[in-house]
Structures are given as C-alpha cells and as structure tokens.
Amino acid sequence: MSSLLSCQNDQYSLFQGSGTINCQSSSCGQFSACNSLMLSGKPTGQVGCCREGVLYPNAVSIIVYILIIPIIGIGSLGALGGGVVKRPFLEALLNFNSSTSGDITACLMIGAQLVNQVIIFFQSHPDNPERPLVNFEIGLVYALGIPISMQIGMELANYLPLLPLLTLQMLFFLIICPVLLYFAKSEQKSENNKEVSNEMQQSSIITIEQQIKGNIIEEQRMAELFKQLQEESNSRFPLVPILLAFGNFAVNELIILLRTTTYQTSPYFYPNDQDFDNKYSACEPWNFYMMLLLFGVNLIITLWVLFYMRKKELLKNTANFNMNERYFTPISRFFTIYGAGWATGFIAGFLGMAAGLTMFVTMMEFGLVAAAAGATANYGYFIICLQVFISFVVGEYQDLTLTVGYQFFFYGIGAIGVLIFTNLGYYVIKKYNVGHILFYIDFALVLLNMIGNVAWGIEQSERYSYHSLVYNPQSCAAQILSKSSVQ
Numbered sequence: 014m015s016s017l018l019s020c021q022n023d024q025y026s027l028f029q030g031s032g033t034i035n036c037q038s039s040s041c042g043q044f045s046a047c048n049s050l051m052l053s054g055k056p057t058g059q060v061g062c063c064r065e066g067v068l069y070p071n072a073v074s075i076i077v078y079i080l081i082i083p084i085i086g087i088g089s090l091g092a093l094g095g096g097v098v099k100r101p102f103l104e105a106l107l108n109f110n111s112s113t114s115g116d117i118t119a120c121l122m123i124g125a126q127l128v129n130q131v132i133i134f135f136q137s138h139p140d141n142p143e144r145p146l147v148n149f150e151i152g153l154v155y156a157l158g159i160p161i162s163m164q165i166g167m168e169l170a171n172y173l174p175l176l177p178l179l180t181l182q183m184l185f186f187l188i189i190c191p192v193l194l195y196f197a198k199s200e201q202k203s204e205n206n207k208e209v210s211n212e213m214q215q216s217s218i219i220t221i222e223q224q225i226k227g228n229i230i231e232e233q234r235m236a237e238l239f240k241q242l243q244e245e246s247n248s249r250f251p252l253v254p255i256l257l258a259f260g261n262f263a264v265n266e267l268i269i270l271l272r273t274t275t276y277q278t279s280p281y282f283y284p285n286d287q288d289f290d291n292k293y294s295a296c297e298p299w300n301f302y303m304m305l306l307l308f309g310v311n312l313i314i315t316l317w318v319l320f321y322m323r324k325k326e327l328l329k330n331t332a333n334f335n336m337n338e339r340y341f342t343p344i345s346r347f348f349t350i351y352g353a354g355w356a357t358g359f360i361a362g363f364l365g366m367a368a369g370l371t372m373f374v375t376m377m378e379f380g381l382v383a384a385a386a387g388a389t390a391n392y393g394y395f396i397i398c399l400q401v402f403i404s405f406v407v408g409e410y411q412d413l414t415l416t417v418g419y420q421f422f423f424y425g426i427g428a429i430g431v432l433i434f435t436n437l438g439y440y441v442i443k444k445y446n447v448g449h450i451l452f453y454i455d456f457a458l459v460l461l462n463m464i465g466n467v468a469w470g471i472e473q474s475e476r477y478s479y480h481s482l483v484y485n486p487q488s489c490a491a492q493i494l495s496k497s498s499v500q
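Quick note on the working numbering: the sequence shown kicks off at 14 and runs consecutively.
Here you go:
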C-alpha cells in the first residue's frame, strides 16, 4: 500500500519509503522534512520523510548534476557507469533513498552506454587499425554468464541487511585497488615495448607464410581461408557473436520477467494476485521454479555456443590465424572466461557497482590490451545496463519517482558525458598511447565510492539507528514474522 503514498506539501513531493513513516524531524536528512502523507489524494493522518523533488532547484543538486556529467563520461572509459555516482553523490550528498537513486542511475547508465556503444563500434584497435577495438568473441563468453549470475546477485542483495552488504562492498574495493595499480604499471611497460611486439607480429606472419607453402592447391586453399578469417576479424559488426550475445540476453530476460521479486512486478504473471498488494508474492514458489528454468535454459545455450564457436576456432588453427586469441579452446580456457562472466554479473547484481571494473581487469588477464579491454568491457556492460533498465521499467515505484520528463533529463546527462568526455578520452588514449591511465581513473573512482560508502552508512545509522543496518524487513522470513504478528 505504501507505494501509493504521496506527500501533501508540493515542495517535498518525493516520498522516501515505508520505513520512514511516523518519522522524527532529525531522521529525514538534508532536503527533507517530516510531512503529512496522502493516500490516493486523501490525508492519512500519518507523517513520513518527504524529500524535495528530483529536479527541485537548489544549489547542491545543480552542482552535483553538473559534476555527474564528466564523472559518467570519464568513468565510461574504464567501463564504470552510473554505479560510480550512486552511493557518494545520489545517496550520501543528495539524500535520495536506494530506490530513487537506483532509478536515476538506471537512466544515466542506459543513456551513457547507448551513445558509448556507437562510439566504440567505430574505434580501431591500437595494434591493428583494420580491426575493431571491441573483441566480440571474448565479449560473447562474458555475455553468456552475465544475465543469470546478475539475477542471482540481485536476489541475495535484496534479502541481505545493509551492514554486511556495505562491508562486502568495502572488502571488494580494498582488494581491487592494488590490482588496478599493478595492471597500470604492467600496461605502461607493455606500451613502452610496443615496437618489440610489432616485430614479433611480423615474425609470426613470416612463419605463417612459410607453413602454408607447399603444393599450389593447398597454398591457395590456405590463403583463401586466411583471407576469409581476416575479413571476419576486421568486421566492425560481426553478426554471429553479436546475435548470439543479445539472443542469449533476450531469452534470459524473458524468463526473468516471468518472476515477481522484491521491488519488481512481472508484466506477464502475478503469483497470488489477491495478496499482491501486500508484497508477499516475492516469496511465492513460482519464483523458485523460474530460477530452475533459467538454469536449465542457460546450460543448453552455453553448451551449444561453446561447441559452435569451438568448431570455428579449430578452423582458425588450420590456417594459424591469430593463435594468441583462443577463447573456446581448450574447453578449460572457455570455462575460466565464463567464470569471469559469472563473477561480473554477480558483482553487478550483488554490489550494484563495479561490474565493468571486473570485466576490465579480468580481460587484461586474458591478454587484451588496455584500450581493447576497456571497449570490450563497455560492450559487456551494455548488457548489464539493459538488464538494470528493464528492471527499472517493471519496478513498482518508477512511475512515482521519475516521470518520463525526468527520465529524459538523466538520459541526456549520461549521453552528454559520453559525447564530450568519453569521446575525448578515446582520442587522447589512441594518440598518445596511454591506455594505462584507465586504471588510475578507475582507482580514483573506487576511492570515491569507498568514501561514499562510509558516509552513507554513518548517515543511515544516525537516522534510523544501528538496528536498521543489521535487519532487513524485505526478507521472506521477516515478512512472514510480520504477517503472523499482525494476525
């Protein structure tokens, strides 16, 4: 029922959630006040924390929204999107609750990444200008694991209290910081030794030419196969890996949308309709059955893609084509990369941030140069953005917090950030061969998120007490206890 509550005072139009009903004036935070609540336009006699509207003009909001533009643009270079501004800016500084800040970041992310995809699809590989910057094959392996693992991460995060969630986020950031600095130094050395790499590449070409010499017929067959593989490798829009990646996402998302979980309604199915308004439907067995179906479908699609792409890689072996780029053979290598895709999706769903950062770091470990790793991570991150955006669209509260006009405002902020700062960043990295700087950018943004986590956790404890950090009223067990106590 709380999703229908609104604020009586027009200035404080954004109701901050059912946990703030019967609030104290000191617990609502900046830009907020305890305000009379209305239900379907009628007074309820209750008060709750109401915040100024999303675009209500005040100096701090204007400054923060301006700062978000370059942060989104610069962060997109290293595959960091809306999550990088969610905790330190939207929640800690502007005092939006998690639901509203999540809706805003969903709009920022989809706006930024739609433009970013157009940019990176036309970028060239720094070592081979004929090739695209995105490695679509390794991107496909990641795309196979992201949708299902992200859904699992989101489910766990929904039922986990705030304190352990913040603690796990901080531990992740503490671990990733030295890793970023290590890769920054390693990539800088690699860039300085680029001429040596080019000489090795020329030597490899000579070896290939020697190997295909033999009888004329075999030589011609190998030359034609090599040319065909080279044309596929240089294609800016390779249809097969793109269709496989987004086809897998579409099938996964169709099954996920059949579920009804915390903060999400299914556009196709409402288990236990009569109890739906009381939000107990998230605990219905139907959701568990859909997860089993999701696992089964993912297993079938993953195995089919593995053996289909494995045949193509074995064909490349016969022509000794790009021998250092193998993602489906041997099978153990495929599952190593697939595991990184699972880790990426789980981190995206569970922590609500750092998915692109995970892809960026692990892709470097799988042999991609920094510029290609960043672009490919953004390609994979676009799938995450789509999943988050669809969850936002079917969410219970999005129509109450962000009207269509407000949504386009944040689409625009994300798009402008990428058009100006991401585009300029790609140009500078390519011209001066400084891809390692991406790791330092991500390092700085990770530190910013750590500061935001601490500040937001302290604010929540001061407003709603320490108990609010260790108890989650959204869990099924908590709902059952609450229901039984009322009865």
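Positions of the beta carbon are idealized from the N, C-alpha and C atoms, including for glycine. All of these numbers come straight from a predicted model, not from anything done at the bench.
When you compare only the Cα positions, how much space is there between Leu319 and Ala353?
As a working mapping, residue 319 is identified with position 306 in the sequence shown. As a working mapping, residue 353 is identified with position 340 in the sequence shown. About 15 Å.
So for Pro174, helix, strand or coil by DSSP?
Translated into positions along the sequence shown, residue 174 becomes position 161. DSSP places Pro174 in coil when its eight states are reduced to three.
Would you decide whether Glu237 is buried or exposed? Buried here means 16 or more other CB atoms lie within 10 Å of its CB.
The residue labelled residue 237 in the question sits at position 224 within the sequence shown. By the neighbour-count rule (16 or more Cβ atoms within 10 Å), Glu237 is not buried but exposed.
With burial defined as no fewer than 16 other Cβ atoms inside 10 Å of the residue's Cβ, what is the status of Tyr392: buried or exposed?
The residue given as residue 392 occupies position 379 in the sequence shown. Classification for Tyr392: buried.
Terminal residues of the continuous alpha helix (DSSP H) containing Gly362?
For this step, residue 362 is matched to residue 349 along the sequence shown. Segment Ile344 to Leu364, the alpha helix (DSSP H) holding Gly362.
Leu270 and Val407 closer than 9 Å at C-beta:
For the purposes of this step, residue 270 is identified with residue 257 of the sequence shown, where counting begins at 1. For the purposes of this step, residue 407 is identified with residue 394 of the sequence shown, where counting begins at 1. Taking 9 Å as the Cβ cut-off, Leu270 and Val407 qualify as a contacting pair.
Just to confirm, are Leu121 and Gly152 a CB contact at a threshold of 9 Å?
Residue 121 sits at position 108 when you count from the first residue of the sequence shown. Residue 152 sits at position 139 when you count from the first residue of the sequence shown. Result no, Cβ atoms of Leu121 and Gly152 do not sit closer than 9 Å.
On a CA-only basis, which of Gly96, Glu204, Phe185 and Lys324 is nearest Pro343? Give me that one, please.
Translated into the one-based positions of the sequence shown, residue 343 becomes position 330. Taking each of Gly96, Glu204, Phe185 and Lys324 in turn and checking the Cα distance to Pro343, the smallest one comes out for Lys324.
CB contact flag (Ser49, Gln29, <9 Å)
On the sequence shown, residue 49 is found 36 positions in, with the first residue counted as 1. On the sequence shown, residue 29 is found 16 positions in, with the first residue counted as 1. Result no, Cβ atoms of Ser49 and Gln29 do not sit closer than 9 Å.
Those runs of the alpha helix (DSSP H) which lie wholly inside the segment 153-205 and span at least 4 residues
Runs of the alpha helix (DSSP H) lying entirely within the segment 153-205 and spanning at least 4 residues, in chain order: 175-205.
Is there contact here, the segment 170-182 with the segment 360-368, by at least three beta-carbon pairs under 8 Å?
Verdict: yes, contact present.
On a CA-only basis, which of Ser74, Leu90 and Gln136 is nearest Leu106? Give me that one, please.
Translated into positions along the sequence shown, residue 106 becomes position 93. When each option's Cα is compared against that of Leu106, the closest is Ser74.
Through-space distance from Tyr69 to Leu18, alpha-carbon basis
In the sequence shown, counting from the first residue as 1, residue 18 sits at position 5. In the sequence shown, counting from the first residue as 1, residue 69 sits at position 56. Their backbone Cα atoms lie some 19 Å apart in a straight line.
Do you know whose CA, among Ile426, Phe347 and Gly470, lies nearest Gly158's CA?
Counted from its first residue, the sequence shown places residue 158 at position 145. Of Ile426, Phe347 and Gly470, the residue nearest in Cα terms is Phe347.
Closest to Ser53 by C-alpha separation, out of Gln21, Ile396, Thr278 and Glu338, would be which residue?
Here residue 53 is taken as the residue at index 40 of the sequence shown, counted from 1. Of the candidates Gln21, Ile396, Thr278 and Glu338, the residue whose Cα lies closest to the Cα of Ser53 is Gln21.
For Thr389, the three-state DSSP class (helix, strand or coil)
Against the sequence shown, residue 389 aligns to sequence position 376. In the three-state DSSP reduction, Thr389 falls in the helix class (H, G or I).
Rounded straight-line distance, which links the Cα of Gly448 to that of Ile219:
Position 206 of the sequence shown, counting from 1, holds the residue named residue 219. Position 435 of the sequence shown, counting from 1, holds the residue named residue 448. Reliability fails at Ile219, whose pLDDT of 46 lies under 50, so the model's placement of it is uncertain and the value that follows must be treated cautiously. Straight-line Cα distance between these residues: approximately 29 Å.
What first and last residue would you give for the beta strand (DSSP E) that runs through Gly91?
For the purposes of this step, residue 91 is taken as the residue at position 78 of the sequence shown. Premise fails: Gly91 is in no beta strand (DSSP E) and is neither H nor E.
To which residues does DSSP link Pro546 through a beta bridge?
Limits of the chain in this structure are 14 at one end and 500 at the other, which puts residue 546 out of reach.
Whole angstroms is fine: what's the gap from Ala368's alpha carbon to Pro56's?
Taking the sequence shown and counting its residues from 1, one reaches residue 368 at position 355. Taking the sequence shown and counting its residues from 1, one reaches residue 56 at position 43. Approximately 43 Å, taken between the alpha carbons.
Hey, would you say Gly124 sits closer than 9 Å to Gly427, going by beta carbons?
For the purposes of this step, residue 124 is identified with residue 111 of the sequence shown, where counting begins at 1. For the purposes of this step, residue 427 is identified with residue 414 of the sequence shown, where counting begins at 1. Yes; because the gap between Cβ atoms is below 9 Å, this pair is in contact.
Between the CA atoms of Ile396 and Gly260 - distance to the nearest angstrom
For the purposes of this step, residue 260 is identified with residue 247 of the sequence shown, where counting begins at 1. For the purposes of this step, residue 396 is identified with residue 383 of the sequence shown, where counting begins at 1. A direct Cα-to-Cα measurement between Gly260 and Ile396 gives close to 11 Å.
Residues of its chain near Thr375, where Cβ-Cβ distance is below 6 Å and the 5 sequence neighbours each way are ignored
In the sequence shown, residue 375 corresponds to position 362, counting from 1. Excluding positions up to five away in sequence, the list reads Ala353.
Using only CA atoms, which one of Leu27, Gly86, Pro174 and Val98 lies nearest to Asn462?
As a working note, residue 462 is residue 449 in the sequence shown. The alpha carbon of Asn462 has as its nearest neighbour, out of Leu27, Gly86, Pro174 and Val98, the alpha carbon of Val98.
Out of Tyr424, Ile464 and Ala197, state which residue places its alpha-carbon closest to the alpha-carbon of Glu104.
The residue labelled residue 104 in the question sits at position 91 within the sequence shown. Cα-wise, what sits closest to Glu104 is Ile464.
I need the straight-line Cα distance from Tyr394 to Ile255, nearest angstrom please.
One-based indexing of the sequence shown puts residue 394 at position 381. One-based indexing of the sequence shown puts residue 255 at position 242. If you take the alpha carbons of Tyr394 and Ile255, they lie about 14 Å apart.
Use the C-beta contact count for Arg64: other C-beta atoms within 10 angstroms, 16 or more gives buried, fewer gives exposed.
Within the sequence shown, numbered from 1, the residue matching residue 64 stands at position 51. Its Cβ being crowded by 16 or more others within 10 Å, Arg64 is buried.
Quick one: using the 10 Å Cβ neighbour count with 16 as the cut-off for buried, is Glu378 buried or exposed?
Here residue 378 refers to the residue found at position 365 of the sequence shown. Burial call: exposed.
Assuming contact is defined by CB atoms lying nearer than 9 Å, are Gly358 and Met163 in contact in what I supplied?
Position 345 of the sequence shown, counted from the first residue, corresponds to residue 358. Position 150 of the sequence shown, counted from the first residue, corresponds to residue 163. Cβ distance < 9 Å, so Gly358 and Met163 count as in contact.
Residues bridged to Arg64 [DSSP beta-bridge criterion]
The count along the sequence shown starts at 1 and reaches residue 64 at position 51. Beta-bridge pairing by DSSP links Arg64 to Leu27 and Ser45.
Starting from Leu18, follow its DSSP beta bridges and name the residues at the other end.
Position 5 of the sequence shown holds residue 18. Leu18 has Leu52 as its beta-bridge partners, per DSSP.
Take Glu200 as the anchor and find which of Glu472, Leu432, Ala383 and Asn466 has the nearest alpha-carbon.
Reading the sequence shown from its first residue, position 187 is the one you call residue 200. Nearest C-alpha to Glu200: Ala383.
Does the segment 124-144 touch the segment 80-93, meaning 3 or more C-beta pairs lie closer than 8 Å?
Counting Cβ pairs under 8 Å, three or more are found: they touch.
Between which two residues does the alpha helix (DSSP H) holding Asn12 run?
With the chain covering 14 to 500 only, the question about residue 12 has no answer from this structure.
With 16 other CB atoms within 10 Å as the buried threshold, where does Leu451 fall?
Along the sequence shown, one-based indexing puts residue 451 at 438. With a threshold of 16 other beta carbon atoms within 10 Å, Leu451 meets it and is buried.
Could you tell me whether the Cβ atoms of Tyr512 and Val154 are closer together than 9 Å?
Residue 512 lies beyond the stretch modelled for the chain, which goes from 14 to 500, so this question has no answer here.
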